[in-house]
Amino acid sequence: MHGLISKSIQCFLNDTYGEDLWMRIAARAGLRRDHIFEPLLHYDDSVTEAVVVAALGELGRTRDVLFEDLGTFLASREALRRLLRFGGGDYLDFLLSLEELPGRGCLTLPDLDLPGLTLCDGGAGHFLLLVESAVADWTPVMAGLLRAMADDYGALVLIETVDDGQEVRDKISISLLEARYAEGRRFDLAAAPVSSANLTLTRVG
Amino acid sequence: MSSEPSRKDACPEECIGMAPDTMGHLMPMYLMIAADGRVMALGPTLAKIIGKDICGQPFEAIFQPRRGWWEVADDAPPDPESLRLGAWRIKAGRRIHLSLRAHPEITLRGSAIARAQDDGVLMNLTFGVHLAQAVRDFALTDDDFAPSDLAMELLYLQEAKELVMGELRALNHRLEQARARAIGEAMTDALTGLANRRAFDTALEQSLESSFAGGAPFALAHLDLDHFKAVNDTLGHAAGDRVLEVVGQILREETRKGDLVARVGGDEFIMLLRGPLDYARISKMGERIIARLEEPVPFEGQECRISGSIGVVLSMNYLRPDAQGMLADADAALYNSKREGRARCTIVKQAVMP
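Structure below.
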């Protein structure tokens, strides 16, 4: 697994629940207390999975809820939020550009294995996003990310993963109720100085 | 992006005479210039950065022609091969550059074609590599670019690249720190903080190479503690460790900054003395070290008493100094000090012929 994903999970747990909890999770997952995932290296999937299982045990949450929160967390990181905002001027444009997201990811980090995304337009502001990946957790991550980006754009949107009885949930239903419901967050095309920025923007590492 | 003249036949003539809004949507940075060099019309993004009210003004007042332009005299014969813009000429369909007089650092790139309905020129421009700066300087947004423009992708890539570079720099920094730490740990004696045998061997090789190359001579001082075993046996290993720490401290203080002090055995030390050398100075240093080693070290209410014997050799006494020979000679000098009653420093003064 790409270290950026492993590190994102670490940052999410550390920043959201505190360092003490991260230490407990790391210990439970069999990692050193000061272990830091390097975002540009690769790790065996089992290492990250051990972290996830340990986090679920510590937090007492379902897997889907944890990964939805991860998606929300990711979209709230300024650096990543900005990269996502390049997708379009408003939330509708952003939705329509989602299919390009894996391609954009590939432009940045060719070895970052993002899920394939297909957006089906059901009309009247209803969309279905198909998330194709060997890693089923991408679906809740995308749901959380889409929700956070709706806030970012100031759009009123209903987002739910679709339970169609299949074993793997790979669909997200999106109902765009109002594209400009609230004042979104500001986005200037010109980047702020990035001297201290990094992809994960966090205290870890 | 450039319209090739050959395509003109396939394109209805009205397309060049289309409504300005439509044209502005497709080409937000178009510029229409009459044959006399006056600006006729311009796209919304260009208007945003240089002002709408420039229509009717000579284009030269706003733009500085760069590559792809040439100036002709008033009486020059007409040239059907080139497009006329006042005194300036350009080739249709060829890449041209021009900069903004108000922002000379921003160069625009584009190409031009002849208008079908008059002898004016239609030009389409882009920011090229100055895109990010232009976006910042003129507060441009997504809407200022044609949907077909790759500007968003370029800005995205620039920002993403910057982030990845930042991560790479951070990773390199962490790796460098880890490397330095690992090297430090591999070269250091944990108890005394002095160099270890490996570090000493490396430093000695370097000093030998340097002296071969005509660099500074150096000396090796081999120190063996006297009565250390007794301290260990009677007061225990903790007392022995304390003594070794104190010895390390003394040796550090009695040597100079460029010297290297290594602990190479249980109670054996070697000093690699670099910098200006003479027998008197080395002898004084040896005496000082021995005197300080003999100061009792308090440990848990007891006093640890040791001394030390030293043997010294100098590289300048060798025709071809080598590590093995010098170390053996220093060792022999050290045992000479022991034989003569310990607590003394023997310096090998005569030339050694290997």
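Here the protein sequences come in this chain order: A and B.
Count the first sequence with our numbering and you get residues 58 to 262, in order.
Count the second sequence with our numbering and you get residues 3 to 356, in order.
Quick reminder that beta carbons are idealized off the backbone N, C-alpha and C, glycines included.
All of these numbers come straight from a predicted model, not from anything done at the bench.
How close, in whole Å, do the beta carbons of residue i and residue j come, if the pair is a contact with beta carbons under 8 Å?
i: A:T218; j: A:A200; result: 5 Å
i: B:R244; j: B:V299; result: 6 Å
i: B:L87; j: B:S101; result: Contact flag wrong, Cβ pair sits at about 16 Å.
i: B:E62; j: B:G39; result: 7 Å
i: B:L210; j: B:D331; result: That belief does not hold up - the Cβ atoms of B:L210 and B:D331 are roughly 14 Å apart, past 8 Å.
i: B:L222; j: B:M328; result: 5 Å
i: B:H99; j: B:R68; result: 4 Å
i: A:A236; j: A:D147; result: 5 Å
i: A:R90; j: A:F244; result: Their Cβ separation, rounded to whole angstroms, is 38 Å, which puts A:R90 and A:F244 out of contact at 8 Å.
Among the options, which residue has its Cα nearest to the Cα of residue i?
i: B:G26; options: B:P149, B:D324, B:A37 and B:P79; result: B:P149
i: A:F69; options: A:E189, A:I93 and A:C177; result: A:I93
i: B:G70; options: B:Y281, B:A114, B:A78 and B:L246; result: B:A114
i: B:K351; options: B:V74, B:M273, B:A134 and B:A335; result: B:A335
i: B:I312; options: B:E270, B:R103, B:H224 and B:E305; result: B:H224
i: B:F65; options: B:D77, B:L127, B:R96 and B:A232; result: B:L127
i: A:S232; options: A:D208, A:F184 and A:N71; result: A:F184
i: B:I272; options: B:H239, B:A215, B:P323 and B:L206; result: B:L206
i: B:Q304; options: B:V248, B:L237 and B:G260; result: B:L237
i: A:L187; options: A:L164, A:G211, A:L171 and A:S230; result: A:S230
i: B:V231; options: B:G216, B:E270, B:M189 and B:P46; result: Before going further, note that residue 231 of chain B is Lys rather than Val in the sequence given. Among B:G216, B:E270, B:M189 and B:P46, the Cα nearest to that of B:K231 is on B:E270.
i: B:R307; options: B:S317, B:R138, B:L227 and B:P67; result: B:L227
i: B:A94; options: B:N234, B:F147 and B:G122; result: B:G122
i: B:S317; options: B:P278, B:R346 and B:V249; result: B:P278
i: A:G182; options: A:L116, A:L202, A:L153 and A:P197; result: A:L153
i: B:H175; options: A:H59, A:E76, A:E95 and A:Q67; result: A:E95
i: B:G250; options: B:A218, B:G195, B:G260 and B:R276; result: B:G195
i: B:A118; options: B:M154, B:P79, B:L85 and B:F202; result: B:L85
i: B:L48; options: B:D146, B:H229, B:T24 and B:I92; result: B:D146
i: A:D102; options: A:C163, A:P159 and A:H59; result: A:H59
i: A:V104; options: A:E115, A:S63, A:G114 and A:L137; result: A:S63
For residue i, which residues does DSSP report across the bridge?
i: B:T47; result: In the DSSP output, where bridge partners are listed per residue, B:T47 has none listed.
i: A:R217; result: In the sequence as displayed, the identity of residue 217 of chain A is Glu instead of Arg. Per DSSP, A:S230.
i: B:M287; result: Paired residue(s): none; B:M287 is not in a bridge.
i: B:W71; result: Answer is none; B:W71 lacks a bridge partner.
i: B:L279; result: B:L279 is not bridged to any residue.
i: B:A197; result: B:T190 and B:A264
i: B:V41; result: B:I35
i: A:H59; result: A:H99
i: B:W178; result: In the sequence as displayed, the identity of residue 178 of chain B is Glu instead of Trp. Paired residue(s): none; B:E178 is not in a bridge.
i: B:L246; result: Answer by DSSP bridge pairing: none, since B:L246 is not bridged.
i: B:F65; result: B:L102
i: B:I349; result: B:V314
i: A:M206; result: According to DSSP, which records beta bridges pairwise, A:M206 is partnered with nothing at all.
i: B:I272; result: B:H224 and B:A264
i: B:A82; result: Note that residue 82 of chain B is Pro in the sequence shown here, rather than Ala. Beta-bridge pairing links B:P82 to no other residue.
i: A:E189; result: A:G173
i: A:E235; result: A:L213
i: B:P60; result: B:R40
Enumerate in chain order the residues of its own chain whose CB-to-CB distance from residue i is below 8 Å, with the five nearest sequence positions on each side excluded.
i: B:E256; result: M287, R290, I291 and R294
i: A:A248; result: R139
i: B:S285; result: C347 and I349
Starting from the C-beta of residue i, find all residues in its chain whose C-beta is less than 6 Å away, skip the five residues before and the five after it, and write them out in chain order.
i: B:M125; result: L33, G112 and A114
i: B:D191; result: N198 and R265
i: A:F151; result: G144 and G145
i: B:L44; result: L33
i: B:S5; result: For B:S5, the predicted structure reports a pLDDT of 43, less than 50, and the residue's modelled location is therefore unreliable. The matter cannot be settled from this model.
i: B:V315; result: L222, M328, D331, A332 and V350
i: B:E16; result: Any reading at B:E16 must be qualified, since the residue scores a pLDDT of 45, below 50, and its modelled position is unreliable; the value itself is stated next. None.
i: A:D194; result: F124
i: B:E83; result: none
i: A:T73; result: none
In chain order, what residues of the same chain lie with their CB nearer than 7 Å to the CB of residue i, ignoring the 5 residues before and after it?
i: B:R9; result: Confidence in B:R9 is poor, its pLDDT being 36 and thus under 50, which makes the residue's placement too unreliable to answer from.
i: B:H132; result: I108 and T109
i: B:A184; result: none
i: B:N338; result: G313 and T348
i: A:L204; result: Sequence check: residue 204 of chain A is Arg here, not Leu. T129 and I216.
i: B:M42; result: M34, I35, A36, C57 and G122
i: A:G211; result: R237, Y238, A239, E240 and G241
i: A:R111; result: Residue identity differs from the one stated: residue 111 of chain A is Ala in this sequence, not Arg. Cβ neighbours of A:A111 beyond the five flanking positions: I82, R85 and A86.
Tell me whether residue i counts as near the ligand MN, meaning its Cβ is closer than 8 Å to at least one heavy atom of that ligand.
i: A:L186; result: Because no ligand of any kind appears in the structure shown, any question about the ligand MN cannot be addressed here.
task = Counting only runs of 3+ residues fully inside the segment 84-165 of chain B, write out the beta strand (DSSP E) ranges in chain order.
result = 84-87, 90-93, 98-102, 105-116 and 123-128
ask   = Which runs of the alpha helix (DSSP H) fall wholly inside the segment 63-130 of chain A and span at least 4 residues, in chain order?
value = 76-85 and 102-116
request  = May I have a chain-ordered list of the alpha helix (DSSP H) segments no shorter than 4 residues that lie completely inside the segment 203-237 of chain B?
outcome  = 230-237
task = With a floor of 3 residues, list each beta strand (DSSP E) that falls wholly inside the segment 292-346 of chain B, ordered by position along the chain.
result = 299-301, 304-306 and 309-316
task = Pick out the complete beta strand (DSSP E) segments inside the segment 142-186 of chain A, 3 residues or longer, and give them in chain order.
result = 173-180
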